[in-house]
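In what follows, a single structure is set out as structure tokens and then discussed.
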Amino acid sequence: MSDSVIEIHAVTKSFRRDPVLRGMSLQVERGRTFAFLGRNGAGKTTAIRLLLGLLNRDGGEIRVLGLDPATDPLTLRGRVGYLAEDQTMYGWMRAAEILRFVAPFYPTWDHELALRYAREFEVPLGTKIKHLSKGQNVRLGLVLALAHRPELVILDDPALGLDPIMRKQFNRDLITHLQGEGRTVFYSSHLLYEVEPVADEVAILDRGQVVRQCETESLRRDVKQITLRHDALVLIDQDVILDRRPDGLETAIVVSNAEYVMEKLCREGVEHRLVDLNLDEIFEAYVSGQRGEPIHLRQAFEPTGSQS
Amino acid sequence: MILRIEKGSAVPISRQIGSQIATLCASGKLRPGQRLPSVRELARELAVNQNTILRVYERLVSEGLLEMLHGQGTFVSDRARESSLAAHRDRLLDELRQLGRQGIALGLSNEQLHELLAEALHQLQQTSPAEAETTP
Chain L
11 MSDSVIEIHA VTKSFRRDPV LRGMSLQVER GRTFAFLGRN GAGKTTAIRL LLGLLNRDGG
71 EIRVLGLDPA TDPLTLRGRV GYLAEDQTMY GWMRAAEILR FVAPFYPTWD HELALRYARE
131 FEVPLGTKIK HLSKGQNVRL GLVLALAHRP ELVILDDPAL GLDPIMRKQF NRDLITHLQG
191 EGRTVFYSSH LLYEVEPVAD EVAILDRGQV VRQCETESLR RDVKQITLRH DALVLIDQDV
251 ILDRRPDGLE TAIVVSNAEY VMEKLCREGV EHRLVDLNLD EIFEAYVSGQ RGEPIHLRQA
311 FEPTGSQS
Chain H
138 MILRIEKGSA VPISRQIGSQ IATLCASGKL RPGQRLPSVR ELARELAVNQ NTILRVYERL
198 VSEGLLEMLH GQGTFVSDRA RESSLAAHRD RLLDELRQLG RQGIALGLSN EQLHELLAEA
258 LHQLQQTSPA EAETTP
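Residue numbers (our numbering), protein chains in the order written: chain L, 11 to 318; chain H, 138 to 273.
This is the structure we're talking about:
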């Protein structure tokens with residue numbers, strides 16, 4: 011095996027009869043900054059809770075730092091830094107008090123480091139937690155997640171509720187204190203354009219499955235919009251079409267392997283136009299693109315449809 | 138060195154950074170021998186992944202704009218200006234090709250396209266002569 015810090019294979023999880031994860035798989039290698047993307051409600055938080063052993067999976071395999079979170083949750087949580095979505099901390103405690111309160115839970119806690127991070131992240135130690143701003147709250151959570159020098163840090167939508175300036179500052183902290191020190195970071199977000207500057211690799215979760223895992227840069231290189239005549243569509247493998255918008259005699263499609271498709275169209279001498287997409291458009295194509303519905307199916311729904 | 142990152146743009150961040158550094162070299166704002174910020178410093182400044190910055194620096198080294206001196210840092214190379222002009226030429230050609238394609242799609246003839254370009258250049262020269270002179 012490669013040096014994977016997180017391995018998820020064909021994991022399923024339902025709540026009552028609602029399937030949330032339907033055979034989800036992904037791998038995160040050591041030292042990578044990995045962004046886990048999906049719309050709200052796509053199952054990101056569920057997957058993260060499974061990784062930490064806070065929930066049990068129904069099926070599939072999970073290894074985090076070589077451990078199974080279902081059987082070894084406490085050892086695992088001692089080695090992972092975790093920042094929950096909307097982490098709630100005792101509001102009556104002062105920031106300095108919660109640092110001392112949390113310390114005994116971690117054998118590797120480094121209090122000097124905690125105080126240094128608090129200083130660098132500009133967390134006012136004397137202030138009661140309920141009086142901290144949203145941004146200060148997230149950064150205090152980050153201090154708690156990092157002060158035991160974890161090799162893996164899992165952050166559940168850390169940028170949620172931060173304004174653009176705080177987000178940039180947060181990204182900076184991530185780059186300097188985590189990437190700079192060679193740690194593995196796994197963090198979720200629903201804002202692709204926010205993670206682009208920071209993440210080495212991204213995975214997109216949609217309807218309980220990872221629909222794409224790749225290097226951030228190759229996502230841009232591979233996913234593009236191509237406009238061509240309807241009748242040329244048959245040349246393209248239907249599986250790589252993420253979105254299609256018919257317009258007059260032409261259709262604009264978004265494909266997941268632009269280089270290959272372009273080569274084929276050029277070889278066949280098909281006229282087409284290529285457009286680069288921004289990351290939000292790419293994300294949209296994956297999670298809400300108009301995939302299939304070949305033309306004959308659509309005709310069947312027309313009132314004057316001649317065949318069934 | 139002041140760079141500006143546009144998030145959510147269709148232009149990848151590595152290309153944004155690369156072309157801005159190339160422009161600074163071409164215009165002489167970055168001078169041969171000048172030291173660039175370290176990968177770490179620039180990553181922190183721009184809040185961009187260190188690996189991205191490293192890849193940009195490496196690409197600009199391979200294009201002859203920058204030089205990496207082991208243990209000393211990254212510097213603007215002596216022939217940065219010529220190299221960046223060559224790189225810019227390719228980029229301009231690419232953009233002109235796209236514009237040309239739009240013109241053809243609109244049914245314009247070659248002569249009409251040339252006229253448009255001449256008119257655009259004329260307008261530039263009227264507003265800021267200095268800017269038009271530096272255009273290769």
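We put the CB at the ideal spot given by N, CA and C, even for glycine.
| Query | Result |
| --- | --- |
| Beta-carbon proximity check, V213 of chain H vs P174 of chain H, cutoff 9 Å | no |
| Beta-carbon proximity of M103 of chain L to I139 of chain L, cut-off 9 Å | yes |
| Contacts that Q189 of chain L makes with chain H (C-beta to C-beta distance below 7 Å) | N186 and Q187 |
| Closer than 9 Å to chain A by CB, T194 of chain L | Protein chains in the displayed structure are L and H, and chain A is not among them. |
| Local conformation of T314 of chain L per DSSP, three classes | Reliability of the predicted coordinates at T314 of chain L is poor, the pLDDT of 44 falling under 50, and the value obtained from them is presented with this limitation in mind. Three-state result, T314 of chain L: coil. |
| CB-CB length for V112 of chain L against I72 of chain L, believed under 8 Å | So it is not a contact: roughly 25 Å between Cβ atoms. |
| CB contact below 9 Å: G155 of chain H versus chain L | no |
| Three-state secondary structure (DSSP) of A45 of chain L | strand |
| T186 of chain L beta carbon less than 9 Å from that of R40 of chain L | no |
| Helix, strand or coil at V285 of chain L according to DSSP, with G and I counted as helix | strand |
| Below-9 Å beta-carbon distance, N267 of chain L vs any chain H residue | no |
| Residues that T43 of chain L contacts on chain H, provided the C-beta gap is smaller than 9 Å | N186 and N188 |
| Cβ of P149 of chain H within 9 Å of any chain L Cβ | yes |
| Interface flag, S146 of chain H vs chain L, CB-CB below 9 Å | yes |
| Chain-order list of residues whose beta-carbon lies under 7 Å from that of T272 of chain H (same chain, five-residue window excluded) | With a pLDDT of 45 at T272 of chain H, under the threshold of 50, the predicted position of this residue should be treated as unreliable, and no value is reported. |
| Nearest-angstrom beta carbon gap, L287 of chain L and Y203 of chain L [assumed within contact, 8 Å] | About 12 Å separates the two Cβ atoms, so there is no contact after all. |
| Burial state of V153 of chain L, where buried means 16 or more other Cβ atoms lie within 10 Å | buried |
| Backbone secondary structure at Y100 of chain L - three-state DSSP | coil |
| Contact set between the region 201 to 231 of chain H and chain L, restricted to residues whose Cβ is under 8 Å from the partner | none |
| CB contact flag (S266 of chain L, V233 of chain L, <9 Å) | yes |
| Coil, strand or helix - H19 of chain L by DSSP | strand |
| Cross-chain neighbours of V208 of chain L in chain H, by beta carbon under 8 Å | A184, V185 and N186 |
| Check whether S199 of chain L and P168 of chain L have beta carbons under 9 Å apart | yes |
| Identity of the residue in L:V250, L:E281, L:V208 and L:Q235 nearest D241 of chain L by Cα | L:E281 |
| Terminal residues of the beta strand (DSSP E) in which K234 of chain L lies | K234 to R239 |
| Beta-carbon neighbours of T186 of chain L, restricted to chain H and to distances below 7 Å | R181 |
| Rounded straight-line distance, which links the Cα of A180 of chain H to that of S156 of chain H | 16 Å |
| Residues near L3 of chain L by beta carbon distance below 8 Å, same chain, minus five either side | Residue 3 of chain L lies beyond the range of chain L shown here (11 to 318); nothing can be said about it. |
| Close-in-space but distant-in-sequence residues of the same chain around L275 of chain L (CB under 6 Å, 5 per side omitted) | H282 |
| Residues in the region 231 to 252 of chain H having any Cβ partner in chain L nearer than 7 Å | none |
| Status (buried if at least 16 other CB within 10 Å, exposed otherwise) for L245 of chain L | exposed |
| S143 of chain L in three-state terms, based on DSSP | coil |
| Listed by chain order, chain L residues near I142 of chain H by CB distance under 7 Å | P207 |
| Pair within 9 Å by beta-carbon distance, N186 of chain H and P207 of chain L | yes |
| Span of the alpha helix (DSSP H), counted from its first residue to its last, around D227 of chain H | A217 to A242 |
| Burial state of K166 of chain H (16 or more Cβ within 10 Å) | exposed |
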